[in-house]
Amino acid sequence: MDRSRRSFIKSAGLGFLALGFPPSFLVRAAGAQQSNRGKVLVVVFQRGGMDGLNVIVPFKDRAYYALRPSIALAEPAAGEERAIDLDGYFALHPALAPLKNIYDKGHLAILHAAGSPDNTRSHFDAQDYMEIGTPGVKSTPDGWLNRYLNEKRFSDSPFRGVAVGPQTPRMLAGAAPSLSLSSIEEFRLRNQTMAATLQKLYTNSTDPLFRQGGNSLFDALARLRTIESKIPPSTASYPVGKFAVGLKQIARLIKADVGLEIAFTEIEGWDTHVAEGGATGILANRLKEFGAGLAAFYQDLDDRLDDVVVVTMSEFGRTARENGNRGTDHGHANVMFVLGGRVRGGKVYGRWPGLAPEVLYEGRDLDLTTDYRTVCSEVFARHLGQREVGRIFPGFRPAASVGLVA
Amino acid sequence: MSAPLSHEQKILHFLNRISFGPTPEEVQRVDRLGFRAYLDEQLAPEKIPDNIAEEKVAALKTMRLSSQELFELYPPPKVAQERGMAMPGEMNAPRFIILELQQARLLRAVYSQRQLYEVMVDFWNNHFNIFAAKGADRWLTTAYERDTIRPHALGRFRDLLLATAQSPAMLFYLDNWLSVSPNGAMTARLPANARRRGINENYAREIMELHTLGVDGGYTQQDVREVARCFTGWTLVRPRGDPEFRFEPRLHDQGVKTVLGTRIAAGGGVEDGMKVIDLLARHPATAKFIATKLARRFVADDPPASVVNRVAEALRRSDGDIRTAIRTIVDSPEFYSPEAYRAKVKKPLEYIASTLRVTNAETQVTPQLLRYLGRMGEPLFLAQPPTGYPDVGASWISPDMLLTRMNFAADLVSNRLDGARVQSTALHDSQQFVRLIAPDSLSAATRAALAETEGADALALLLAAPEFQRR
């Protein structure tokens, strides 16, 4: 979904990061300062509303096939384009085959019927709510990832919170400094003789918005120079596409020990109103990019896997029934993936509400049984050591732990 | 409370809001004619000769072609192959159509004498956003901009709404062309694997959330459903040939509907959709929503409620007359208030256009120039979500975007930018620019920076300074 409207750079959203690090600074491995080999949370936002019911297929729920005569995935069976059985009830979309191995190793947990509890079916509102962390309350000024950064002062590294892309996502916007990165090669002032004057001009400006923006910019330019040499080359092979390239940058920052705690990236194109497809088609193509990217990231993390938890989310799921165009309209609950070395994977979590007509949410959508904030609270507590989430998710009391993270 | 604006500031403010940025000529012209007469002129664009801009746009050949001609000349690779045409290169791929659309938008922003009209074309194009790279919209967007948006940009909101509802580009973008009654006479006869077998809510939701009422405009999921039923059969024939709106009664839901509490009797046919258009166009929530967006464009990101209410009232009284709404805004005391002065951050199109205008640069608008626009966050006609691009300052100043603005300014004045040439005489008269950027209020920081800089760098500095990022 909209990247530009999500961007919200009130804070010190530093902007940039590499869609291809220049070899010069990949080569020099760093001996520089030993920063904490910290824990990292990576949030992946799937903008547009992923159709969770065709991603993790409830093939034993009889209603599923009745609701989706033309787009349902057939029961699992051997073969390339057949759903992959996970636990005898749910099956993985075949385009996500690269994730099966990770699931089997116990490093990928899947949560069904999860998401944001607000009933809005507006992309904009639903994304906003999910990002500010207070579904139903629009006035919250900052994102919940930023509130985490504000809560926990581990270091003053400008790389504590990083979003991949030109804009700061709402989820990371707020008082705590964060960075958004799109291309390191081009992140340079072309006219170097003007650099010092421009910096002074912005730093002394009486315009608060631009003073702050300028401070972030020049701080990022300076800091970048100091860490360039620490970022190691990547040996893992990633698929093509913006999503994978973003994950690759995140993996490099993790390995560079630059103090990364929170990373954010996103993948668009889930708004499948028309000709969504089943085992192949539009949704399958999105899933291919999504699954292959995550699998490559997993490979790449290597010995840092225990330090990382990846959580995926999308603003809402889609109608349980397919619509008149072999697609699905905006719905409610969805699927979340949680990946990492300390994740209790190999299991599909979440209470399954069923798809029978009488249990559908508002008569049309998969009901929600786990609030995404419960999942995030658990990751904060178990992975990042942040047990108190009252200020990160104001007004929210997490339900009992799902048990996703060891 | 700051001092009221000086006469000079008022002129700059006025031009910054109703145009893509002041030039020395226009400053003089406002001074000579007065604000009211100048606005009257701008509100009657059909009477303003516009040869320079029209000549430049006429050189872009896709701009006058029909969707069908565009499809013939710039076919998708597969079709080109079937026809034995050479594989599309830079100049005959569908991508080229979007490139020329972007070029035309920027050329008009820089050169048109009908500045306010072009501001409104940009505004409505964004309000009724479509994504030019979605499927058939690659060949439909040119006609959408030319035949749907432009004729109504200063007209009546209801006519604009109807034109978009029946435009091939919107019908395709928000999927309504595929939305049919599951019980329609024709639906039953379609083959079992047909793509059109029932309702698609996409357009019904967005017409209320984004085009008219606003997300808090008081509609429910049930209303979305009912509006979708009203629009069944509003379809599109030959999307990749000679596209045309058509109402197909055999795909329409003939039953009774209730939209926002209003009953729409059975058997209304195409009139169901017309009633929805009227209902939405004249709804008080729509007046409020459109007034808010207009006031946000012309006054401030968070416009004073007094202006919004006045404009909403003007829209209601004038039956949605867009000129009346604009006049109401410009006539408001809040418009010239010190709080509104330079309160808006220029979005990338506004920044680049105002830079080229103020430097009187000779502009070709090359792909290189357009890449800056993309990097600043506003690749024109390519906003994927139906919301279009945001109109609040905080969206446009991430460090990455800010850096791109600084680099653009530096590249422009050093004439390293393929597609725009600044005259060398202009480069050495930074005082002239100071008068156009901030006649009596260049900040101390900017003055100090200027004192350290000479020649072309001084101009680059001014164009990169915070003052010039605002309008």
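Chains A and B are the protein sequences, given in the same order.
Just so we're aligned: 806 in our numbering is position 110 of the first sequence, and the numbers increase by one with no gaps anywhere.
Just so we're aligned: 106 in our numbering is position 105 of the second sequence, and the numbers increase by one with no gaps anywhere.
C-beta atoms are modelled at their ideal positions from N, C-alpha and C, and glycine is treated no differently.
### Task
Tell me whether the beta-carbon of R1000/A lies closer than 8 Å to the beta-carbon of K951/A.
yes
### Query
Once you ignore the five residues that flank A439/B on each side, which residues in its own chain have a CB closer than 6 Å to its CB?
E468
### Residue(s) in a DSSP beta bridge with K258/B
I265/B
### Message
At a CB distance below 8 Å, what residues from the segment 432-445 of chain B approach chain A? Give them in sequence order.
### Response
S444 and A445
### Task
For V181/B, go through chain A and note every residue whose CB falls closer than 9 Å to its CB, in chain order.
G1020 and N1021
### Task
On a CA-only basis, which of I131/B, D392/B, D322/B and G234/B is nearest N177/B? Give me that one, please.
G234/B
### Query
Name the DSSP beta bridge partners of T24/B, please?
The partner list for T24/B (beta bridge, DSSP) is empty, contrary to what the question assumes.
### Message
8 Å is my cut-off, CB to CB: does A980/A come that close to chain B?
### Response
no
### Message
Determine whether the beta carbon atoms of G22/B and R358/B lie at a separation below 8 Å.
### Response
yes
### Message
Taking a contact to mean a Cβ-Cβ separation below 8 Å, would you say V753/A touches L763/A in this structure?
### Response
no
### Task
Pick out whichever of G1023/A, K1043/A and G1059/A has its Cα sitting closest to the Cα of L175/B.
G1023/A
### Message
Just to confirm the assignment: which complete alpha helix (DSSP H) runs, minimum length 4, are found wholly within the segment 785-873 of chain A?
### Response
793-800, 819-828 and 840-847
### Query
Under the three-state reduction of DSSP, which class applies to M1032/A: helix, strand or coil?
strand
### Nearest candidate by alpha-carbon position, reference Q1082/A, set G744/A, F741/A and L845/A
L845/A
### Query
Where does the unbroken beta strand (DSSP E) through L737/A begin, and where does it stop?
V736 to Q742
### Task
Below 7 Å between beta carbons is the criterion; list the residues of the segment 280-298 of chain B that meet it against any residue of chain A, in chain order.
none
### Query
Where does A282/B land, buried or exposed, given buried means 16+ other C-beta within 10 angstroms?
buried
### Message
Going by beta-carbon coordinates alone, are A787/A and A774/A separated by less than 8 Å?
### Response
no
### Query
Between the segment 1057-1073 of chain A and chain B, which residues of the former have CB atoms less than 8 Å from a CB of the latter, in chain order?
E1058
### Query
Along chain B, which residues have their Cβ under 8 Å away from the Cβ of K938/A?
Within chain B, no residue comes near K938/A; the closest Cβ sits about 13 Å away, beyond 8 Å.
### Same chain, Cβ closer than 8 Å to R1047/A, neighbours up to 5 away in sequence not counted
A809, T1065 and T1066
### Query
At least one CB of chain B closer than 8 Å to the CB of D1002/A: is that the case?
no
### Query
Just reading off the beta strand (DSSP E) that A959/A is part of, what are its end residues?
I958 to I963
### Query
Counting Cβ pairs, one atom from each stretch, are 3 or more of them under 8 Å apart for the segment 419-427 of chain B and the segment 345-364 of chain B?
yes
### Query
Got a sec? Which residues, its chain only, sit under 6 Å from G857/A by beta carbon, not counting five neighbours each side?
L845, L868, S874 and I958
### Task
Assign V693/A to buried or exposed, taking buried as 16 or more other Cβ atoms, counted over all protein chains shown, within 10 Å of its Cβ.
Only positions 697 to 1102 of chain A appear in this structure, which leaves residue 693/A out of reach.
### Query
Are there 16 or more other CB atoms within 10 angstroms of the CB of N842/A, so buried, or fewer, so exposed?
buried
### Query
Among the residues of its own chain, which have a CB less than 7 Å from the CB of P77/B, if the five just before and after it don't count?
P95
### Message
Please report whether the beta-carbon of N797/A lies at a distance below 8 Å from any beta-carbon of chain B.
### Response
no
### Query
Can you list, in chain order, the stretches of the alpha helix (DSSP H) that have 4 or more residues and sit fully within the segment 218-305 of chain B?
222-231, 271-282 and 285-299
### Task
Have a look at Y145/B and T864/A and give me their C-alpha separation to the nearest angstrom.
32 Å
### Buried versus exposed call for S1097/A [16 or more other C-beta atoms within 10 Å across all chains shown]
exposed
### Message
What does DSSP give as the partner residue(s) for T426/B in the beta ladder?
### Response
Looking at the DSSP assignment, T426/B forms no beta bridge with any residue, so it has no partner.
### Query
How long is the line joining the alpha carbons of M1032/A and F1089/A, rounded to whole angstroms?
18 Å
### Task
Run the CB neighbour count on S818/A, radius 10 Å, all protein chains shown included, and call it buried at 16 or more, exposed below.
buried
#### Entry: Partners in chain A for M407/B, counting only beta-carbon separations shorter than 7 Å
L885 and L894
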